[in-house]
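Numbering (the numbering used here), first residue to last: 7 to 311. Glycine residues also receive a C-beta, built at the ideal position from the N, C-alpha and C atoms.
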C-alpha cells in the first residue's frame, strides 16, 4: 500500500491499548507517531509538532475531539492540519458534527488496519498538496512583486508600498522621503557593452544599493535604469545623506560588466520629503530633483527641499 514517507501523525486517544494498536500500525507503515491521552494534550501536540494529520478520538477527557477540532480551526498555525475522527459510537450524529466542523474523515472502531492506513494516507496527501499549493502561491506572489533582473521590488509593488507609507506618515505626522536614482549615461553603456553588459550594470547597481540601506528602507527598480527607495521616518537631510552614501558606493569602484571588462558608473539622485503630498506628488517632486541633478552635471544628489 502506498504511503507518504516521513509523515508525522498525532494520535489522541484516552485508551492506552487503542493508542498502542494505532501507533504500531502507523509505525509499521513508516509514520512518525506522537501520542496524546486527552484533548488538551492533543492541542499541545498539534501546536508544537504541526503534524501532517491528527487522529482524534471524539470522546476524550479535558476536551472532546469536536472541541479540539474547533480550536484547531480557529488557530492559523493548526487550521490546515487534516483531522480524522475515531469513534466507537454507532450513530451518525457525531460524524456529521465532525464533518461540519471541518474534519477530513472519520474511522469507526473497531477498524481493520488497511482502512486505518488508507484514511491516514488520504489525510496526509491532502496536507502535502495544501502545503505545495501554499508554497507555489508564495512563489507566485514573490514573482509578481519582484523585478526579475535585479531581484528588487518592481514598480507596481513599490507604488503600493508608497501609498501605504504616505497614508501612515500623513496620519501620524511622520517624516517620509523618496529617493529616485538614474544611472548616468546608461544608453552609452548599452551601446558600448551591449544589452548583456547593461543588464550586468543594472544587477551590480542593485547589489551595491541594498547594503547601503536600513532594514526599513524599500528599494525597487522603477523602470529601465531608474531605481526608487522609500525611506520611512527619514527627514530631508537624512534622505540627502542616504543618497550620498549610495552615490559614493556606485562611483567608488568600476562595475564588472563582463569577462575582463569594467566600466565606471555614476548615478544621479533626486530626493523628496513629504510635506502634505500624496504618493504621486512625492514621486513628482523626486523626479524634478532628479532632473536638476542630471542638468547640473550628473553624479550628484539634489533635494527638492
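Exercise for review: Please classify residue 148: does DSSP put it in a helix, a strand, or coil?
Suggested key: Of the three classes helix, strand and coil, the one that applies to residue 148 here is helix, per DSSP.
Review point. Can the beta-carbon of residue 274 be found less than 7 Å from the beta-carbon of residue 304?
Key: Taking 7 Å as the Cβ cut-off, residue 274 and residue 304 qualify as a contacting pair.
Review point. Count the other CB atoms within 10 Å of the CB of residue 133; is the residue buried (16 or more) or exposed (fewer)?
Key: Burial call: buried.
Point to revise | Segments assigned alpha helix (DSSP H), at least 4 residues, entirely inside the stretch 146–225 | key: Runs of the alpha helix (DSSP H) inside the stretch 146–225: 161–178 and 192–215.
Point to revise | Segments of 4+ residues assigned as alpha helix (DSSP H) that fall wholly inside the stretch 19–78 | key: Given a length threshold of 4 residues, each whole run of the alpha helix (DSSP H) inside the stretch 19–78 is given here in chain order: 22–34 and 45–55.
Practice item. Compute the Euclidean distance between the alpha carbons of residue 291 and residue 145, then round it to the nearest angstrom. Key: Approximately 34 Å between the Cα atoms of the pair.
Review point. With DSSP run on the structure shown, which of helix, strand or coil describes residue 108?
Key: Reduced to three states, the DSSP call for residue 108 is coil.
Exercise for review: Compare the C-alpha of residue 38 against each of 15, 92, 186 and 115 and name the closest.
Suggested key: Out of 15, 92, 186 and 115, the CA that lies nearest to the CA of residue 38 is found in 15.
**Study point:** Beta-ladder partner(s) of residue 235, from DSSP
**Key:** Under DSSP, residue 235 forms a beta bridge with 185 and 225.
Practice item. Specify the secondary structure class of residue 279 as computed by DSSP and reduced to three states. Key: Residue state, collapsed to three classes: strand.
Point to revise | Residues near residue 245 in its chain [Cβ-Cβ closer than 7 Å; skip 5 each side] | key: Answer for residue 245: 183, 185, 237, 277, 279 and 309, listed in chain order.
Review point. How would you write the range of the alpha helix (DSSP H) that residue 256 sits in, first residue to last?
Key: DSSP places residue 256 in the uninterrupted alpha helix (DSSP H) bounded by 242–257.
Review point. Buried or exposed: residue 160, going by 16 or more other Cβ atoms within 10 Å of its Cβ?
Key: Flag for residue 160 reads buried.
Check your understanding: Given a threshold of 16 other Cβ atoms within 10 Å of its Cβ, counted over all protein chains shown, does residue 7 qualify as buried or as exposed?
Key -> Because residue 7 sits at a pLDDT of 48, beneath the cut-off of 50, its placement in the model cannot be relied upon, and the point is left open.
**Study point:** Secondary structure of residue 115, DSSP reduced to three states
**Key:** The answer is coil: DSSP assigns residue 115 none of H, G, I, E or B.
Practice item. For residue 171, count neighbouring Cβ atoms within 10 angstroms of its own Cβ and tell me buried if that reaches 16, exposed if not. Key: Under this definition residue 171 is a buried residue.
Review point. Does the count of Cβ pairs from the stretch 211–220 and the stretch 162–171 closer than 8 Å reach three?
Key: Segment contact: the stretch 211–220 against the stretch 162–171, fewer than three CB-CB distances shorter than 8 Å; contact not assigned.
**Study point:** Nearest candidate by alpha-carbon position, reference residue 284, set 177, 19, 114 and 136
**Key:** Its Cα nearest to that of residue 284, the residue 177 stands out among 177, 19, 114 and 136.
Review point. Is the stretch 13–28 close to the stretch 48–58, with three or more CB pairs under 8 Å?
Key: They touch, by the three-pair rule.
Exercise for review: Flag this pair as yes or no: are the beta carbons of residue 327 and residue 188 separated by less than 7 Å?
Suggested key: Only positions 7 to 311 of the chain appear in this structure, which leaves residue 327 out of reach.
Review point. By DSSP, does residue 103 sit in helix, in strand, or in coil?
Key: Residue 103 falls in the helix class under three-state DSSP.
Review point. What does a CB cutoff of less than 8 Å around residue 10 pick up in its chain, not counting 5 residues either side in sequence?
Key: Residue confidence is low: residue 10 scores 46 on pLDDT, short of 50, so the model does not pin down where it sits. No coordinate-derived value is stated.
Check your understanding: Counting pairs of beta carbons, one from the stretch 61–81 and one from the stretch 94–109, are three or more of them closer than 8 Å?
Key -> Touching, yes.
Check your understanding: Less than 7 Å separating the beta-carbons of residue 72 and residue 103?
Key -> In contact: residue 72 and residue 103 (Cβ atoms closer than 7 Å).
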